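Trainee: My questions will all concern the structure given below.
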Amino acid sequence: MDFFEIVKTIESIQHPAIATSLTNLGILQDVDIEGDTVKATFVWPFANIPIKEQIINSVKAPLNAKGLKLEYNERIMNEDEKQRFLELEKKYWRGGPAACGM
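Position 66, counted from 1, in the sequence shown is what UniProt numbering calls 66; the numbers after and before it change by one each time, with no gaps.
Here is the structure:
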């Protein structure tokens, strides 16, 4: 599998509740590929995200299916990253603005 196919796979993975990719939301950053290992950083808008494992597994599963491993670090978004995330969340929320109380 070539680099561009791996990147295309990663960039196609969407958030389960927000209709856009994890990379667009800023949740999945610093992606690097070393042999059969994909290294990345998950950047969370808040601590204690209830669907964190679901999101990590949504990245891990398609990579594993292609014979790749995922190694990752985690951190919390800074204020600028969080504001951008919240704007995109509002824009792409799958249930529309009413679903998230806006």
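All C-beta atoms, glycine included, are put in the ideal place defined by N, C-alpha and C. Keep in mind the model is a prediction, meaning the values are calculated, not measured.
Nearer than 7 angstroms: is that true of the beta carbon of I51 relative to any heavy atom of the ligand ATP?
Mentor: By its list of ligands, the structure shown contains no ligand whatsoever, and the ligand ATP lies outside what it can speak to.
Trainee: Quick one: using the 10 Å Cβ neighbour count with 16 as the cut-off for buried, is M1 buried or exposed?
Mentor: In the sequence shown, the residue the question calls residue 1 occupies position 1. Label assigned to M1: exposed.
Trainee: Taking the CB atoms as reference points, tell me whether T94 and I18 lie closer together than 8 angstroms.
Mentor: Here the question's residue 94 lines up with position 94 in the sequence shown. Here the question's residue 18 lines up with position 18 in the sequence shown. Looking at the sequence shown, residue 94 is not Thr but Arg. Their beta carbons are under 8 angstroms apart, which means R94 touches I18 by this criterion.
Trainee: Would you report the Cα separation of T41 and D30, rounded to the nearest angstrom?
Mentor: Counted from its first residue, the sequence shown places residue 41 at position 41. Counted from its first residue, the sequence shown places residue 30 at position 30. Each residue's Cα considered, the two are about 6 angstroms apart.
Trainee: What are the start and end residues of each continuous beta strand (DSSP E) run of 3 or more residues lying completely inside the UniProt domain "MIP18 family-like" (6-61), in chain order?
Mentor: 28-34, 37-44
Trainee: Using a Cβ-Cβ cut-off of 7 angstroms (strictly less than) and excluding sequence neighbours within five positions of K82, which residues of its own chain qualify?
Mentor: As a working note, residue 82 is residue 82 in the sequence shown. Taken in chain order, the residues that qualify are P45.
Trainee: Which residue comes first and which comes last in the alpha helix (DSSP H) that contains R84?
Mentor: Start at 1 with the first residue of the sequence shown, and residue 84 comes out as number 84. Looking at the DSSP string, the run of the alpha helix (DSSP H) that includes R84 is 79-92.
Trainee: What does residue 126 pair with, by DSSP beta-bridge criteria?
Mentor: Outside the displayed range of the chain (1 to 102) lies residue 126, so it cannot be described from this structure.
Trainee: Residues in its own chain within less than 8 angstroms of F85 by CB, not counting five upstream and five downstream?
Mentor: Position 85 of the sequence shown, counting from 1, holds the residue named residue 85. The residues are L25, G26, I27, P45, M77.
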